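Residue numbers (the numbering used here): 29 to 165.
The beta carbon of each residue, even a glycine, is placed where N, CA and C say it ideally should be.
All values reported here derive from a predicted model rather than from experimental measurement.
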């Protein structure tokens, strides 16, 4: 895995579906960031630090492929985890659910977000609460 691949992974783990989306969010020059991510332009240490901070990623992972920070909870970035927890807890189905059901749902949704790289989990939360209620969980 090259530095550009690790940068892309950090972006995806932070919940950004595209290089353009990340560049727009952080007010970076889109072509420069895209060139860093696709490996056509080298990345200097200050840029690695800036990207790592923005994506809440380990700069050593981006630069060298070595994890020096602890892994995020449930395998997703803090941003995605917060989004999942907020969607679940704000859902009307959360009021009638036990802590174990809520925890299982959050873990399942984090696994979905990790695999798909998608954000906007509202419809999935609706579906999962309805599915779990039908199963009697």
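*Less than 9 Å separating the beta-carbons of residue 233 and residue 47?*
Here the chain covers residues 29 to 165 and nothing more, so residue 233 does not appear.
Is the beta carbon of residue 137 sitting closer than 9 Å to the one on residue 117?
Not in contact: residue 137 and residue 117 (Cβ atoms no closer than 9 Å).
>> Is it buried or exposed, residue 51, if we count other Cβ atoms within 10 angstroms and call 16 or more buried?
In response: Residue 51 should be labelled buried.
Checklist entry - Quick one: what's got a C-beta closer than 7 Å to residue 93's C-beta in the same chain, skipping five residues either side? => result Cβ neighbours of residue 93 beyond the five flanking positions: 29, 34.
Exercise. Determine the contact status of residue 31 and residue 91, defining contact as a CB-CB distance below 9 Å.
Key: Pairing residue 31 with residue 91 gives a Cβ-Cβ distance under 9 Å.
Residues near residue 62 by beta carbon distance below 6 Å, same chain, minus five either side: In its chain, beyond the 5 residues on either side, 47 have a beta carbon closer than 6 Å to the beta carbon of residue 62.
query = Expressed to the nearest angstrom, what Euclidean distance is found between the alpha-carbon atoms of residue 65 and residue 158?
reply = Those two C-alpha atoms are separated by around 39 Å.
| Quick one: what does DSSP say residue 55 is sitting in, helix, strand or coil? | Correct three-state label for residue 55: coil.
Fill in: Candidates 57, 38, 124, of which the one nearest residue 84 by Cα
Closest by alpha carbon: 38.
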